[in-house]
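Taking it in order: structure first as C-alpha cells, then the write-up.
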Amino acid sequence: MLEALGRRTAELGVDLGTSNTRIVVRGTGLVVEEPTVVAIQNGPRGRTVLGVGTDAKRMLGRTPAGTRVIRPVLGGVVDDFEATERLLRALIKQTRIRSLLRPRMLICIPAGTTEVERRAVQESARAAGAREVFVVSTAVAAALGADLPITDPVGSMIVDIGGGRTEVAILSLGGVVVRRSLRLAGDAMDEAIAKWLRLEHTLLIGDRTRESIKIRVGCAQVPNRPLRMRIRGRDAQSGGPREIDVSSDHVAEALIDVVEQIKGVVIDALGATPPELASDIIDRGIIICGGGSELRGLGATLRDAVQLPVLQADEPMHCVSRGASILLEDQALFERVTASV
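Under the numbering used here, the residue at position 31 of the sequence shown is numbered 22, and the numbers go up by one with no gaps.
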C-alpha cells in the first residue's frame, strides 16, 4: 500500500479522464490540468508526437495529411497505450517535481473496469516514469472531493458525469455498495448536438464548435428564456461555408436521448440500493459532479425523475482530483478505500 512520503520521492494523484487529465502533488494540490489529447504524425520511422494537452487540442480540425489529433483515453480506460504513456510523461514533466526517485502514482479509474483495462492504465503510468502505481475508484475519489462522509455508517450517492463515462455509486463505511456505469457522458452530448445539426440543418461542425454550443446554450430541458448563438460550419450538400443561429431549445431536443440514458442509470442504481441506505439518500440527496453535470437543467431533470434532492458539488470538474489529493494525505483512508475499484 501507499507508504508515507519520503524525502527522496514524490507522490502524484492522477485523474485520467477522457476529456481532461489533472495531476495533484502531495503537499501541493492541483498542479496540472490539460486536455487528454495527443497530436501524432505518422512517418516511415513510426509515430512522432507533435504536442499534447492544450497544444494538441489547438490542432483539432487543422491538421495536414499524415497528422492526427487523438484522444488516447476513451470511457475512462486506455485506448492507445503509447499515446497515453507519452501524454503522462509530458504532463509529469509539467509538475516540475524534484525527486531523487521516480514518483509514486495514484490513478483514478472507473469502478468495474476489467483486469486488462486496469493493467493497461498501470503499465502506461510505469512506462511514463512511475515507480509504483496504485488505483482507486473514480467514484470514491469524486465522493471524497465532494466532501461526502463515505467512511461513516450512512449512505451517500454520487453521480460523476465526465467526458466519456457516467459513474453512479452508493457508498457507505468506506466502500462502494452499489455501482452503475454508463459509457456515455459529456462527449456524447457533443456528438448528439453535431448529429442533430447534420440531420436537421445539413450543417457539419467540428469538435470545438459542438463543445462551444454545449457550454454556451446547452440545456437538458427547454428553458423559459432560450439562449442563442450564431455558429459556422460546412453545408453537407453544397460543401460551402454557412452560418446559422442555434438556440437552447434546439440543443435540448438534440440531447433528449443522452439525458434519458443518464436518468436511466441513476434510477437503476437507486432501485438496487438497500432500504436503509435508500433512507439516508432521501435525507441527504444525490450529489452530481463532473463537467457533464454543468449542463443547464440537468440537476432539475434528475430531481424530477427520482423525486429526490439533487445538488451539484462545488467545483464539480475538480472533485476527482481533489479526492485524489485527500487520499495522498491520508494513508489510513487510502488503504481503506483502494479495494473499492
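Where a beta carbon is used, it is the ideal one built from N, C-alpha and C, also for glycine.
What is the C-beta distance between residue i and residue j, in whole angstroms, given that I count them as a contact (C-beta under 8 angstroms)?
{"i": "L162", "j": "A134", "result": "6 angstroms"}
{"i": "G281", "j": "I196", "result": "Between I196 and G281 the Cβ distance is about 24 angstroms, and since that is not below 8 angstroms, they are no contact."}
{"i": "D236", "j": "K205", "result": "So it is not a contact: roughly 16 angstroms between Cβ atoms."}
{"i": "A183", "j": "A243", "result": "A183 to A243, Cβ: 11 angstroms. No contact."}
{"i": "L51", "j": "D178", "result": "Actually they do not touch by this definition, with Cβ atoms about 13 angstroms apart."}
{"i": "E158", "j": "A130", "result": "5 angstroms"}
{"i": "L97", "j": "T12", "result": "That belief does not hold up - the Cβ atoms of L97 and T12 are roughly 14 angstroms apart, past 8 angstroms."}
{"i": "L318", "j": "G209", "result": "Contact flag wrong, Cβ pair sits at about 32 angstroms."}
{"i": "P63", "j": "T75", "result": "4 angstroms"}
{"i": "C99", "j": "V5", "result": "7 angstroms"}
{"i": "I272", "j": "L173", "result": "Their Cβ separation, rounded to whole angstroms, is 19 angstroms, which puts I272 and L173 out of contact at 8 angstroms."}
Between residue i and residue j, is the Cβ-Cβ spacing less than 7 angstroms?
{"i": "A160", "j": "G283", "result": "no"}
{"i": "G288", "j": "Q212", "result": "yes"}
{"i": "R170", "j": "A102", "result": "yes"}
{"i": "T45", "j": "V68", "result": "no"}
{"i": "P214", "j": "S238", "result": "no"}
{"i": "R207", "j": "M220", "result": "yes"}
{"i": "V16", "j": "T86", "result": "yes"}
{"i": "L302", "j": "I278", "result": "yes"}
{"i": "S316", "j": "G20", "result": "yes"}
{"i": "A81", "j": "V60", "result": "no"}
{"i": "A1", "j": "I88", "result": "yes"}
{"i": "G230", "j": "L194", "result": "no"}
{"i": "A116", "j": "V124", "result": "yes"}
{"i": "G66", "j": "Q32", "result": "no"}
{"i": "V328", "j": "G165", "result": "yes"}
{"i": "A132", "j": "V311", "result": "yes"}
{"i": "R216", "j": "D226", "result": "no"}
Taking 6 angstroms as the cut-off, is the C-beta of residue i nearer than that to any heavy atom in the ligand NAP?
{"i": "E25", "result": "With respect to the ligand NAP, the structure shown offers nothing to examine, as it has no ligands at all."}
Tell me, please, whether the CB atom of residue i is closer than 7 angstroms to any CB atom in chain B?
{"i": "R77", "result": "No chain B is part of this structure, which consists of one protein chain only."}
Run through the DSSP bridge pairs and tell me what residue i is partnered with.
{"i": "A160", "result": "I149, R170"}
{"i": "I100", "result": "S128"}
{"i": "T142", "result": "Paired residues: none, contrary to the question."}
{"i": "I31", "result": "V40, R59"}
{"i": "P94", "result": "DSSP, once it has assigned bridges, lists no residue as partnering P94."}
{"i": "T12", "result": "L7, E25"}
{"i": "V69", "result": "V64"}
{"i": "E123", "result": "R95"}
{"i": "G20", "result": "V16"}
{"i": "E2", "result": "R95"}
Please identify the residue among the options whose C-alpha is closest to the C-alpha of residue i.
{"i": "V126", "options": "A119, G314, Q113", "result": "Q113"}
{"i": "V297", "options": "E2, R53, Q85, M148", "result": "M148"}
{"i": "V249", "options": "G224, T27, P217, T292", "result": "T292"}
{"i": "P266", "options": "D6, L97, V145, V23", "result": "V145"}
{"i": "S10", "options": "A185, C310, R156", "result": "R156"}
{"i": "P55", "options": "S203, A304, L188, A30", "result": "A30"}
{"i": "A269", "options": "A323, P232, L299, F325", "result": "L299"}
{"i": "G290", "options": "H241, R189, V150", "result": "V150"}
{"i": "G255", "options": "R294, E234, H241, R36", "result": "R294"}
{"i": "R38", "options": "V22, R216, D71, V23", "result": "D71"}
{"i": "K84", "options": "E326, V23, E251", "result": "V23"}
{"i": "R275", "options": "R313, P307, I141", "result": "I141"}
{"i": "L190", "options": "R49, H241, E251", "result": "H241"}
| alpha helix (DSSP H) runs contained entirely in the stretch 257 to 316, provided each spans 4 or more residues | 266 to 275, 289 to 297
| query | Could you give the uninterrupted runs of the beta strand (DSSP E) lying entirely in the stretch 188 to 250, keeping only those of 3 residues or more? | reply | You should have 219 to 226, 232 to 238.
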